[in-house]
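Numbering (my numbering), first residue to last: 4 to 1120. Think of the CB as a built atom: it goes at the ideal place given N, C-alpha and C, for glycine as much as any other residue. Worksheet for the structure shown next.
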Amino acid sequence: MKKVFVVAMQLIKKLQIKRSGLLLLFLFLSASLYSQITVSVQNQSIRQILKTIERNSDYQFFYNDDLTSLDVITSLVVTNSSIESVMSKLLNNTDITYKKEKENLIVLTLKAKAQEKKKEERVISGTITDENDEPVIGANVVIDGTTQGTITDFNGKFSFEVPVNATLRVTYIGYLDQYIKIGNKSVVSIVMKEDSQKLDEVVVVGYGTQKKVNLTGSVASVNVEEKLQGRPISNISSGLSGLVAGLDVRQSSGQPGKDDASINIRGVGTLNNSSPMILIDGIIGSLNDVNPNDIESVSVLKDASSASIYGSRAANGVILITTKKGNKGRIKVSYSGLFSRQEATNLFDVVSDYPTTARLTNEGYNNISPGSIPVIPEATIAEWEAHRNEPLLYPNTNWLEAIYNPTWRKENNVSINGGNDAFLFNVGLGFLNNEGILKGTGYDRYNIKVNLESQINKWIKVGLNSNIQYNVLREAYESGYIMACLANSSPSALPVHPDGRFGATMAQGEDNQGNNMLAFNDGRSIKTNGNKYMGKIYIVYEPIKNLVFEGNYALNNNASFTKTQLHYTPMWNFQTESIIRSPFPENILNQITNRDLWQSFYASVKYDFSLWDKHNVKVLTGFNTEKFRQDYSLIGRGGMPDFDEFQINLSTSSPWGSGWAEEWSLVSWFARLNYDYMGKYLLEVNVRSDGSSRFSEDYRWGTFPSFSLGWRASEEKFLKDNARFIDNLKFRVSYGTLGNNNIGNNYTFANVYGMGNGESYVFGQNVSQGAAPSGVPNKSITWEKTKITNFGIDFGFLKDFDVTFDVFKRNTEGILITAPLPGVLGGLSAPYQNLANVKNKGWELSLNYHKNINPKVSVGANFNISHVSNIVTKYRGGEPIIGDNTIIGDGYEYGAYYGFICDGIFRTQEDIDNHAKQKYGNELGDLIYRDLDNNGTVDDNDRTVIGKSTPDYVLGLNLTASYRNFDFSALFQSLLGYQVWGQDNWDNPNVGRGRSYRTKWLGRWTPENINAELPRLTADYQGNTIASDFWLQNANYVRLKNVQIGYTFPKYTLFQRWGVEHLRLFVSGENLLTFTKYDGLDPETASTSAQRYDTEIRMANNHPNVRQFTFGLNLTF
């Protein structure tokens, strides 16, 4: 406008207009300039639109910020319009009117009727303090039933307009909600009282619960409804990733039904099974045994003090799952539904052009035998190039795209909850249908969860927890090695003809090599029907107050029936219309029946009492027995008729079979003492004695004690008086011993005999079946013992912040491993012996923040990080054991890679002339290995530690926010400081017939490309495939694990008349983004190490993980 005005004045001066005319012209221009407004805005508040008009004109608006209609969302599109026209459109259908005070000043006020209503409102002001008379800063003060209100300032004061006879609702984290009726008051003083339920949050621990503020051990809890609601997870294991400090959770496969994550608590503490103990309502099981929708909370017990009540089962930590129980009140019916689109997180680029693939294969063979006849004739390659427009006869197949396709996942859950003083119940029903992205795979699950509790009289309470699950698992051929199979699939094979026939390699020179995974999957049908029943009945008797007797019987019965059908499946050469071969030459049926039965009986008595209102004591003692039995049988038969479904009686050929059964049992006594003095000085002592059938009578029993101390410094008067910003400050220290007998062999101390064809004896002319020892017993083996020391600090301040920091050390001694036997003993298996020790040490940090900024907005964040190192301090007492690319021995880090250090590639003859002689030769294009001992020869003595498979750091970040009825959450998960062995079937310089190659091999070393990053291609040559750091990949990654946006409909909407109490719609994304330098499929699925001491982590040979896009709803009546 200023530029227009200057131009006008210059024009007037040039035209020499008289003063009177100038005045008239100025007034005209001024009015004209103020009146013309052009604005185009969509879906903004009136308040925002007014600011837009102010920025684009000389008009200014004056109004009271309390005019609530200014927040009405609207749109305004005007062009060269007057201010009167603009304001009429903008304020239409509102209770606001306007008045022009000056040419450019617009005053907004309430309309007459609104003013009359306004007279019924009054200004209420007040001060909010806590019980120590300190101001409460940032408390939310709203009119009850609305979001209209304000927050307190730094002095705890507030002021705003309220209707006559309104009720104020005051809320703040850590305090009870306050409701204040205004009446005729204009000034109020409100004292907030601490919410003991929030400050003294109850956490599930071993055989009971404790207030979180009184915990002296290291325990973390997860609110499942808050953290996992709406996530498309089939089992809780994958959902815990990134949520708990010290918990390393990695999902090794995206295959439905077999997507359990591997879990380690504070690193790997043993060379045997390092998985934590899983308890679901006190029943030992797996995280796949329960529907996540039925879970209420998860507790993770990390140190000896918190876990030692479980003795020998808890050496690797404990995860306690608590399912939903009935609540007093009217019956509520809730429904949750999720509908998800699934795809692979990543599929790397492959060479699908067959002529290019053929030339790579020929090049590799020629590099080993220069001048030899190409294994794939040039004529064949030329023929393929000449017929690119005939894909049925001359295909160029990308096998990853052929076998992996997006699919759908559907999940529906219903829960019914209610009860009264005499009876509580919760019933959960669930159905899951998950089609795998790999053709031929899928998983269906049907479950019903019933929790009942009845108060028989004022002394006796009985209850039932039960979970019934039926599932169907559909697997593909070699699902665990699918990527290796796809690497050995030639682009010259057509996956499937339009008429349904499967293709074979059709190029001359391929010699019918290569797979067709679609044919393999169609020909091999693997279907497992599983039935699980998990249940517990219990009785609680309280004859006098705080003296409680409890007993229960629990079982977990897991039965499965697996049927594998191998069908004759011809693979065709469509050029010659002939059958080349079948992956399965005849129809075969294998049937496996497996049953696991775990049973337990538990009895305990506990008594809580206080002395002089200062000394608080809790005593618990009891015993527990466990028994486990597994039965396995296999029967198979060939020569099946060509039916869609085989039955074992349909063939006349001889059947085959095998079977076995095994048992173990455990008897335990335990006791726990908790003491605190005025809630400030805390003590906990635990002891458990276990007797295991896995050891001989002389070594059967082990006793595992622990103790912990705590000091709640925040309860001291000197801190209460001088550091009132501190909400909670607690120091913790614990020490204890745990045991482990989970070695995978129940009879290593006993003389075990095997019977079968391998144990036959000859008597004269006859061969008779007999028995023979299968191993050398060791009667002196005993418990692995784990000693754990933990120091921790819990710090809460300013009501919004919580910090937990722990430092720990774990020494595991007497780890059960096998040692080599003298050759004179023949093929007997070696006995287990207590010959190894492992030391873990590390720290973990958790930071929590939650803030209600105002009645409409809240934000939150949780960040956790942990570091752990694992050192093998003793291994057999001799020389280290060196594998293909790993080493284990005294002083080596667990999971250490061992091999050569690579210094590049021989690019020129000069490079070869200036380097030591290598074990497998020095050729152009080969990798250069460092001569560490400088003796002029590179051999096995030049190997060293080159990396490790265990991460240095495990991190998680969870962000939350809400605005009015919208909610948002984002979860990040990360592993840092470890490597993956990058040489597998796809990343291997050795070529072969029937192969596919990654596009990265187009950049290999050749005489024309001497600066390549990859070595030359070869065939059956070890020089470039031996273990070296060239094949180690940095597997560090940060993953956006989940993002979710939801909207909860207000209660006063039209849904309320239909009986709807709660309705939330949401969209969610799982595994959305991954930031990594790793070039394989997925750094997370590549992160599952083999059991025991083969700790090599290879690039994923199994299913890639899945990315999911989900729409869902939560509904409660």
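Among S668, H570, S315, the one whose alpha carbon lies nearest that of S709: S315
Throw me the rounded Cβ distance for the G245 and Q1047 pair, which I believe falls under 8 Å. The Cβ separation is near 14 Å, so there is no contact.
Would you mind sorting W984 into buried or exposed? The rule is 16 or more other CB atoms within 10 Å of its CB. buried
Can the beta-carbon of F157 be found closer than 8 Å to that of I140? yes
Determine whether the beta carbon atoms of L848 and I868 lie at a separation below 8 Å. yes
Is G660 helix, strand or coil by DSSP? strand
Which of helix, strand or coil DSSP assigns to Q39: Assignment of Q39 by DSSP, reduced to helix, strand and coil, places it in the coil class.
Paired residues, beta bridge with L960 - DSSP: F866, F975
Exposed or buried, what is K1080 when buried is set at 16 or more other beta-carbons lying within 10 Å of its beta-carbon? Around the CB of K1080, fewer than 16 other CB atoms lie within 10 Å, so the residue is classed as exposed.
Using the three-state DSSP reduction, which class does D797 fall into: helix, strand or coil? strand
Which full runs of the beta strand (DSSP E) of 3+ residues lie inside the stretch 605-682, going along the chain? 618-640, 659-680, all fully within the stretch 605-682.
Which full runs of the alpha helix (DSSP H) of 4+ residues lie inside the stretch 267-348, going along the chain? Counting only runs of 4 or more, we get 307-310.
In angstroms with no decimal places, state the Cα-to-Cα distance between N135 and V622. 34 Å
Just to confirm my understanding: we take T792, look at its own chain, exclude 5 residues before and 5 after, and list those with CB closer than 7 Å. What are they? So the qualifying residues of the chain are Y738, F811, K812.
Please report the distance separating the alpha-carbon of P1107 from that of D447. 20 Å
So, is R727 buried or exposed, given that buried needs 16 or more other C-beta atoms within 10 angstroms? exposed
Indicate the three-state DSSP secondary structure (helix, strand or coil) for T751 in the structure shown. coil
Between the CA atoms of A522 and H500 - distance to the nearest angstrom: Approximately 11 Å between the Cα atoms of the pair.
Say whether the stretch 887-903 touches the stretch 945-958, bearing in mind that this needs 3 or more beta-carbon pairs closer than 8 Å, one atom from each stretch. Segments in contact, yes.
To which residues of the same chain is N296 closer than 7 Å at the C-beta, ignoring the five residues directly before and after it? S339, N416, G431, G433
Flag this pair as touching only if the stretch 348-359 and the stretch 709-719 have three or more C-beta atom pairs under 8 Å; answer yes or no. no
Does the Cβ of T1113 have 16 or more other Cβ atoms within 10 Å, making it buried, or fewer, making it exposed? buried
Is the beta carbon of D1085 sitting closer than 8 Å to the one on N437? no
Buried or exposed by the 16-neighbour rule on C-beta atoms within 10 Å, applied to P586: Buried.
Please classify T1002 as buried or exposed, where buried requires at least 16 neighbouring CB atoms within 10 angstroms. With fewer than 16 other Cβ atoms within 10 Å, it is exposed.
Report the partner residues of N474 according to the DSSP bridge assignment. R448, G533
How big is the Cα-Cα spacing for N745 and G881? 25 Å
Could you pull the start and end residues of the alpha helix (DSSP H) that L819 belongs to? Where L819 is concerned, there is no enclosing alpha helix (DSSP H), although the beta strand (DSSP E) it sits in stretches over 804-821.
Could you check if P394 is buried or exposed, using at least 16 other CB atoms within 10 Å of its CB as the buried criterion? exposed
Hey, quick one: how far does the beta strand (DSSP E) through V417 stretch, first residue to last? Unbroken beta strand (DSSP E) run through V417: 410-422.
Tell whether a beta-carbon distance below 8 Å holds between Q982 and L1020. No. Outside cutoff.
In the DSSP assignment, the alpha helix (DSSP H) including Q912 goes from what residue to what residue? 912-916
Should the stretch 265-275 be regarded as contacting the stretch 187-196, the criterion being three or more beta carbon pairs within less than 8 Å? no
Give a yes or no on whether the C-beta atoms belonging to L290 and N238 are separated by under 8 Å. yes
For the alpha helix (DSSP H) containing L53, list its first residue and its last residue. 49-58
Cβ-Cβ distance between V871 and G320 below 8 Å: No, the pair does not count as a contact, with Cβ atoms beyond the cut-off.
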